[in-house]
Amino acid sequence: MADTLNAARVRVPCSTSNLGSGYDTIGLALNRYLEASFEPGPTGLKIFREGSLARAEYDDADDLVARSFASALRSMSLEVGGTLRLTSDIPIGKGLGSSAAAILAGSDLALAAGGRGRDDAGVFGTAYEHEGHGDNLAPCLYGGLRAVLPGATGPLPIELALSADLGFAYAAPAAAIETKDARSALPELVGHDLAVRSLARATALVRGLASADRELIKIGVEDELHVPHRLPMIPGAYNAIGAGYDAGAWAITISGAGSGLIALCDPSDSEEVAEAMRQVFCNGTYDPDCPGFAATPDFEGLTRLSV
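Mapped onto the working numbering, the consecutive letters of the sequence shown carry residue numbers 89 to 395.
As structure tokens, then:
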């Protein structure tokens with residue numbers, strides 16, 4: 089019996105990253121969540137999954153929550169024993185940081201189960217070593233709009249200003265995209281002129297998100313580094329983007345590495361934009377299970393919940 093452990097429960101938001109020109113740097117936490125709870129028990133780990141996790145095709149050995157949970161317990165010289173219960177409404181493999189959320193959830197859940205306080209800097213550093221996508225990890229952990237910079241001793245997450253006058257809409261086809269496949273589509277080198285344009289657009293993106301300036305957002309979401317190479321991998325993406333603009337979107341781009349799209353718009357148009365894009369994906373793939381929803385920013389990040 090692993091009687092040194094405590095019951096614990098945590099919740100982690102999803103995140104959309106890149107937002108166009110903020111490639112591998114900027115991410116935003118949104119209000120879809122992974123919740124993980126632990127109940128102490130005999131040696132070994134039983135896992136029960138609900139929501140999007142119940143539909144995922146992987147073995148217990150590949151479960152990122154369980155792996156990070158067990159690894160963190162071992163680092164505290166604690167025996168793994170009990171039951172994990174996981175539920176999520178985050179689409180998997182569709183550009184909403186499901187892997188980052190899973191690793192963070194498992195790591196902090198272990199700290200809580202072991203009677204430790206939060207160690208956000210340590211959890212972020214360990215997760216970054218394993219996951220490598222700071223633009224997802226930072227907003228999932230801290231909430232809000234975040235950028236991850238190359239600091240002297242490692243990645244440095246910083247908070248960015250976000251206007252309350254921005255709405256967000258998300259939609260994706262039923263098919264997922266592996267991040268490694270999306271990365272393999274990118275060129276190894278880009279020209280000097282393209283790099284300069286990308287820097288200018290990223291500046292516009294940060295300012296536009298802070299002020300809800302439509303023109304700056306349009307400029308900032310434009311991208312030549314990754315979006316043109318990844319869009320052809322997403323079935324129905326071009327038509328879904330057109331439908332989103334017709335419904336009132338200000339700017340639309342790939343969410344993370346895909347397969348989802350994220351639109352920025354007036355908050356009052358979020359539902360209509362999301363449904364317009366979702367319908368195109370559903371109609372184009374003849375699959376009614378394409379996700380789509382209006383989203384709002386999450387400013388809490390990873391949260392420990394009462395048991």
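Ideal Cβ placement from N, Cα and C applies to all residues, glycine included.
Per DSSP, cross-strand counterpart(s) of residue i
i: F387; result: Answer by DSSP bridge pairing: none, since F387 is not bridged.
i: L133; result: G170
i: G139; result: S176
i: S109; result: Bridge partners of S109: none, in fact.
i: V236; result: P245
i: P128; result: G170
i: E123; result: R99 and T175
i: Y258; result: I350 and F381
i: A117; result: S103
i: R397; result: As shown, the chain starts at 89 and ends at 395. That puts residue 397 outside it, with no answer to give.
Cβ separation of residue i and residue j, assumed to be a contact under 8 Å, to the nearest whole Å
i: G183; j: G348; result: 4 Å
i: L93; j: P128; result: 4 Å
i: F157; j: L197; result: 6 Å
i: G169; j: P130; result: 6 Å
i: N224; j: G115; result: 5 Å
i: G346; j: I329; result: That belief does not hold up - the Cβ atoms of G346 and I329 are roughly 12 Å apart, past 8 Å.
i: L233; j: L297; result: 6 Å
i: A235; j: T104; result: Contact flag wrong, Cβ pair sits at about 14 Å.
i: S176; j: L141; result: 5 Å
i: A95; j: V395; result: 4 Å
Closest Cα partner of residue i within the set the options
i: I180; options: P320, D386 and E138; result: E138
i: A273; options: V315, A263 and A283; result: V315
i: G332; options: E360, L313, A198 and N106; result: E360
i: G231; options: V395, R392, P385 and L393; result: P385
i: A292; options: G110, S105 and A96; result: G110
i: G239; options: L248, A249 and G213; result: G213
i: G222; options: S286, G346, I191 and A252; result: I191
i: G108; options: Y374, S343, A160 and L174; result: S343
i: S286; options: N106, T175 and R99; result: N106
i: S356; options: A262, L225, Y374 and A335; result: A335
i: G324; options: E167, E123 and T373; result: T373
i: R289; options: L313, G279 and I246; result: L313
i: T241; options: G210, Y326 and V368; result: G210
i: N371; options: T175, G255, R206 and P261; result: P261
i: D148; options: R173, S165, L166 and M164; result: R173
i: A300; options: L166, E167, S251 and S186; result: S251
i: L393; options: A200, R162 and S176; result: A200
i: P243; options: D269, L254 and A215; result: A215
i: D476; options: A270, A263, D311 and R271; result: This structure cannot speak to residue 476, because the chain is shown only from 89 to 395.
i: L166; options: D177, G132 and T175; result: G132
i: R302; options: P320, L277, K268 and L254; result: L254
i: H218; options: G279, R318, E363 and S159; result: S159
i: D208; options: R318, I178, P245 and G185; result: P245
i: R271; options: V284, H317, E247 and A264; result: H317
i: N327; options: F369, E247 and A144; result: F369
i: R204; options: M164, A264 and I178; result: M164
i: D375; options: V284, A263 and G220; result: A263
i: K51; options: R206, R143, T171 and A144; result: Only positions 89 to 395 of the chain appear in this structure, which leaves residue 51 out of reach.
i: L319; options: D269, A144 and D150; result: D269
i: A117; options: E247, R206, D150 and Y146; result: E247
i: G185; options: A226, Y146 and R206; result: A226
Own chain, CB closer than 6 Å to residue i, minus 5 neighbours either side, in chain order
i: A351; result: A257, G332, A337, I340 and V361
i: R366; result: A259, C378 and G380
i: V100; result: L122, A189, L192, A193, C228 and L390
i: A249; result: A298
i: S125; result: R97 and R173
i: D354; result: G255
i: S358; result: G255, A257 and A382
Any non-hydrogen atom of the ligand PLP within 7 Å of residue i CB
i: E266; result: Inclusion of the ligand PLP in the displayed structure is not the case, the ligand content being empty and no account of it being possible.
Same chain only: Cβ atoms within 8 Å of residue i, ignoring 5 sequence neighbours per side
i: D91; result: Only weak support exists for where D91 lies, its pLDDT of 49 falling under 50; the value from the coordinates is given anyway. Contacts found: P128.
i: R162; result: V168
i: A144; result: R137 and I180
i: P275; result: H317
i: G220; result: none
Close-in-space but distant-in-sequence residues of the same chain around residue i (CB under 7 Å, 5 per side omitted)
i: L304; result: A292, R295 and G296
i: E266; result: G181
i: N119; result: P101, A383, T384 and D386
i: E388; result: G231
i: V278; result: L313
i: E363; result: G380
Please list the segments of the alpha helix (DSSP H) lying wholly inside the region 282-357, counting only runs of 4 or more residues, in order along the chain. Complete alpha helix (DSSP H) runs here, min 4: 302-309, 315-318 and 325-334.
Any alpha helix (DSSP H) of 4 or more consecutive residues that is wholly inside the region 146-170: Those alpha helix (DSSP H) runs which fall completely within the region 146-170 and span 4+ residues are 152-163.
Counting only runs of 4+ residues fully inside the region 203-236, write out the alpha helix (DSSP H) ranges in chain order. Runs of the alpha helix (DSSP H) inside the region 203-236: 208-219 and 222-230.
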